[in-house]
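Following our numbering, the numbering of the sequence shown begins with 4 at its first residue and continues without gaps.
Report on the structure given below.
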Amino acid sequence: MRERITSVEVFLFERPRDTAYLGAPGADEVAIGERYVVRGFNGTVYPLIDRSIVVRLRDASGAEGWGETYGLIAPRAVMEIIRDLFAPYLQALPPMNPGETWDALYALQRNRGYWGGYLADALAALDIALWDLHARAGGQSLQAALGRPGPGELHGYVSGLPAPNRAGRIEMAERFAADGFDSVKIPISHTENGDVPGEVEALRAALGPDHRIAVDMHWAYAADEAIALGAALAPHDPWFLEAPVAPEDVEAQARVAAGLSCPLALGEEWRTDWDYRPRAARNACAIVQPEMGHTGITQFARIAKLATERGADIIPHATIGLGLFMAASLRAGLAAGAACHEFQHSIYGRNAALLEGAAVCESGRFRIDDTPGIGVMPAPDAFAFLTRIDD
């Protein structure tokens, strides 16, 4: 960072959807007002619209950097942490590189036991904006600032087949395969009467032996149940299983990893390398899935470095808001040597159209340019969905 930060703006991104993520609320699911639904298959609350928190930083030279974080649930909690604590402290700090700034902001509350959740999400938004500003100031792309200059490609896997029945899901998978995508992940919520092995068997028969098929288990199982499901899926050669048990239960995660014949993937809910370290020590996952909206760039890179040292594959998770943190994830993933990147096809394209410079995903590949910073910023049309939150 070459100049002091002089301005921190916070925006709420909200965009209605015709159909909620993971489908319309079911009869066994609980609506919370008009904004949220608690999904029956895992008890987790989901928003009914697209939503995230966007920040814009300016430094003393007038240069800008853009960042974004989760804002799915109670977004103003994250926004207030930025406005009340991080923004004024960031403006008081001397110029530092983004990693040093992340450490300084993180230190503010760690001794009180606040090192994750909403606090870390708030920090992630600022960290992405700081890296964007830092790289642009040096005339570099983010991947170059992280040590991997030049354009590139990342393999993209299709995330979800949101059709109402198995025949529709198979047809959707076949269309993606015809377009050049050779990898897909299905959630347990979109299966015929909860028959996960039957769903994977049908997809395998339709897509052939070389297509990669992963299963997102949405933290819905006990360890023994997850291992049993893994055994039932084994004849159909799953690519990986994701998030099988309660996310805080390291012991159960390690048991599941040891009991599967395919790789276990974890990490979308992690905020820092401190979340990964005990799991790495227990060999609890062969694939790490850092989520840029939670980690920011500094911690994404630190988690990826540890994963590489441990011999784990890096396959970033990709929740989508406006798409700023997705752009950062693609570039940081490229720099980290990621094996693949999630493609949320039902969200990515429509919101990426609100950005200038968003990467294209086609024929199973994200094409990543070598343009400055994270490579994107909101286009004029985006501001119809961005509300600035003033002091």
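Glycine residues also receive a C-beta, built at the ideal position from the N, C-alpha and C atoms.
DSSP three-state assignment for residue 273, whether helix, strand or coil
The residue given as residue 273 occupies position 270 in the sequence shown. Residue state, collapsed to three classes: coil.
Report the start-end ranges of each beta strand (DSSP E) in the stretch 115 to 184 that is 3 residues or longer and not cut off at the edges.
If one requires a minimum length of 3 residues, the beta strand (DSSP E) runs lying completely within the stretch 115 to 184 are 155 to 162, in chain order.
Exposure of residue 281, with buried meaning 16 or more beta-carbon neighbours within 10 Å
The residue you call residue 281 lines up with position 278 of the sequence shown. Exposed, by the Cβ-count rule.
Residue 4 (DSSP reduced to helix, strand or coil):
Position 1 of the sequence shown holds residue 4. Interpretation of residue 4 is limited by its pLDDT of 49, a score under 50 that renders its predicted location unreliable; the figure taken from the coordinates is listed afterwards. Under the three-state reduction of DSSP output, residue 4 falls in the coil class, being neither helix nor strand.
Secondary structure at residue 21, three-state DSSP: helix, strand or coil?
Position 18 of the sequence shown, counting from 1, holds the residue named residue 21. DSSP places residue 21 in the coil class of the three-state scheme, outside both helix and strand.
Mark residue 334 as exposed unless 16 or more other C-beta atoms lie within 10 angstroms of its C-beta, in which case mark it buried.
Along the sequence shown, read from residue 1 onward, the residue named residue 334 stands at position 331. Around the CB of residue 334, 16 or more other CB atoms lie within 10 Å, so the residue is classed as buried.
Where does the unbroken alpha helix (DSSP H) through residue 50 begin, and where does it stop?
On the sequence shown, residue 50 is found 47 positions in, with the first residue counted as 1. Run containing residue 50: none in the alpha helix (DSSP H); it sits in the beta strand (DSSP E), 48 to 50.
Between which two residues does the beta strand (DSSP E) containing residue 53 stretch?
Start at 1 with the first residue of the sequence shown, and residue 53 comes out as number 50. Bounds of the beta strand (DSSP E) holding residue 53 are 53 to 62.
Exposure label - residue 97; buried when at least 16 CB within 10 Å
Along the sequence shown, read from residue 1 onward, the residue named residue 97 stands at position 94. Exposed, since its Cβ has fewer than 16 Cβ neighbours within 10 Å.
Can the beta-carbon of residue 159 be found less than 8 Å from the beta-carbon of residue 346?
Taking the sequence shown and counting its residues from 1, the one referred to as residue 159 is at position 156. Taking the sequence shown and counting its residues from 1, the one referred to as residue 346 is at position 343. Their beta carbons are under 8 Å apart, which means residue 159 touches residue 346 by this criterion.
Looking at C-alpha atoms only, which residue of 264, 378, 258, 178 is the closest neighbour of residue 242?
Locating residue 242 in the sequence shown gives position 239, counting from the first residue. The residue with the shortest Cα to Cα distance from residue 242 is 264.
C-alpha distance - residue 150 paired with residue 209, whole-angstrom precision
Position 147 of the sequence shown, counted from the start, is the residue given in the question as residue 150. Position 206 of the sequence shown, counted from the start, is the residue given in the question as residue 209. One Cα belongs to residue 150, the other to residue 209, and the distance between them is close to 41 Å.
For the stretch 283 to 353, list the alpha helix (DSSP H) runs that are entirely contained and at least 4 residues long, ordered along the chain.
Scanning the stretch 283 to 353 from its first residue to its last, the whole alpha helix (DSSP H) runs of 4-plus residues come out as 295 to 313, 327 to 339.
Please state whether DSSP places residue 1 in a helix, a strand or coil.
Within the shown structure, residues of the chain are numbered from 4 to 394, placing residue 1 beyond reach of any answer.
Given this structure, state the Cα-to-Cα distance separating residue 341 from residue 272, to the nearest angstrom.
On the sequence shown, residue 341 is found 338 positions in, with the first residue counted as 1. On the sequence shown, residue 272 is found 269 positions in, with the first residue counted as 1. C-alpha separation (whole angstroms): 18 Å.
Cβ-Cβ separation, residue 244 to residue 220 (assumed contact under 8 Å), whole Å:
Counted from its first residue, the sequence shown places residue 220 at position 217. Counted from its first residue, the sequence shown places residue 244 at position 241. Contact holds; Cβ gap of about 6 Å.
Do you know offhand how far residue 307's Cα is from residue 112's?
Indexing the sequence shown from 1 puts residue 307 at position 304. Indexing the sequence shown from 1 puts residue 112 at position 109. Spanning the two alpha carbons is a distance of roughly 24 Å.
Using alpha carbons as the reference points, say which of 367, 380, 374, 382 lies closest to residue 183.
Reading the sequence shown from its first residue, position 180 is the one you call residue 183. Relative to the Cα of residue 183, the nearest Cα in the group 367, 380, 374, 382 belongs to 367.
Which one or two residues does DSSP pair with residue 15 in a beta bridge?
Locating residue 15 in the sequence shown gives position 12, where the first residue counts as 1. According to DSSP, residue 15 bridges with 56, 390.
Suppose contacts are defined by Cβ-Cβ distances below 8 Å. Is residue 268 in contact with residue 292 by that definition?
Along the sequence shown, read from residue 1 onward, the residue named residue 268 stands at position 265. Along the sequence shown, read from residue 1 onward, the residue named residue 292 stands at position 289. One thing to note: residue 268 has its Cβ within 8 Å of the Cβ of residue 292.
Quick check on the DSSP output: the alpha helix (DSSP H) that includes residue 36 runs from which residue to which?
For the purposes of this step, residue 36 is taken as residue 33 along the sequence shown, with counting starting at 1. Following the DSSP letters along the chain, one finds residue 36 in no alpha helix (DSSP H), marked with neither H nor E.
Excluding five sequence neighbours on each side, which residues of the same chain lie with their C-beta closer than 6 Å to the C-beta of residue 356?
Here residue 356 refers to the residue found at position 353 when the sequence shown is read from its first residue. The beta carbon of residue 356 sits closer than 6 Å to none of the beta carbons in its chain outside the five residues before and after it.
According to DSSP, which residues form a beta bridge with residue 381?
Translated into positions along the sequence shown, residue 381 becomes position 378. In DSSP, residue 381 forms a bridge with 358.
In whole angstroms, what separates the C-alpha of residue 381 from that of residue 375?
One-based indexing of the sequence shown puts residue 381 at position 378. One-based indexing of the sequence shown puts residue 375 at position 372. CA-to-CA, the gap between residue 381 and residue 375 works out to about 15 Å.
Where do the N-terminal and C-terminal ends of the alpha helix (DSSP H) with residue 65 fall, by residue?
Locating residue 65 in the sequence shown gives position 62, counting from the first residue. Going by DSSP, residue 65 is part of no alpha helix (DSSP H) at all; its letter is neither H nor E.
Under the three-state DSSP convention, the category residue 42 falls into
Sequence index remark: in the sequence shown, residue 42 carries index 39 (1-based). Assigned with DSSP and collapsed to three states, residue 42 falls in coil, not helix or strand.
Residue 136 and residue 51 - do their beta-carbons sit closer together than 8 Å?
Within the sequence shown, the letter at position 48 stands for residue 51. Within the sequence shown, the letter at position 133 stands for residue 136. In this structure, residue 136 does not lie closer than 8 Å to residue 51 by Cβ.
Can you say whether residue 191 is buried or exposed, counting buried as having 16 or more other CB atoms within 10 angstroms of its CB?
The sequence position of residue 191 within the sequence shown is 188, counting from 1. Residue 191 comes out buried.
What is the DSSP secondary structure of residue 398, reduced to helix, strand or coil?
Residue 398 lies beyond the residue range present for the chain, which begins at 4 and ends at 394; the question has no answer from this structure.
For residue 258, report the span of its alpha helix (DSSP H) as first-last.
For this step, residue 258 is matched to residue 255 along the sequence shown. Start and end: 253 to 262.
Quick one, which of 10, 157, 48, 53 has its alpha-carbon nearest residue 62's?
Against the sequence shown, residue 62 aligns to sequence position 59. Taking residue 62 as reference, the option from 10, 157, 48, 53 with the minimal CA-CA separation is 10.
With DSSP collapsed to three states, give me the class of residue 93.
Residue mapping note: residue 93 aligns to position 90 of the sequence shown, counting from 1. DSSP, reduced to helix, strand and coil, places residue 93 within a helical segment of the structure shown.
For residue 72, which beta-bridge partners are listed by DSSP?
The residue you call residue 72 lines up with position 69 of the sequence shown. Bridge pairing for residue 72: 56 [DSSP].
Extent of the continuous beta strand (DSSP E) to which residue 190 belongs
The sequence position of residue 190 within the sequence shown is 187, counting from 1. Note, residue 190: beta strand (DSSP E), 186 to 190.
When you compare each of 304, 251, 387, 175 to residue 336 by their alpha carbons, which one comes out closest?
Taking the first residue of the sequence shown as position 1, residue 336 is located at position 333. The option with the nearest alpha carbon to residue 336 is 304.
Once DSSP output is grouped into helix, strand and coil, what is the label at residue 199?
Indexing the sequence shown from 1 puts residue 199 at position 196. Looking at residue 199 - three-state DSSP - the assignment turns out to be helix.
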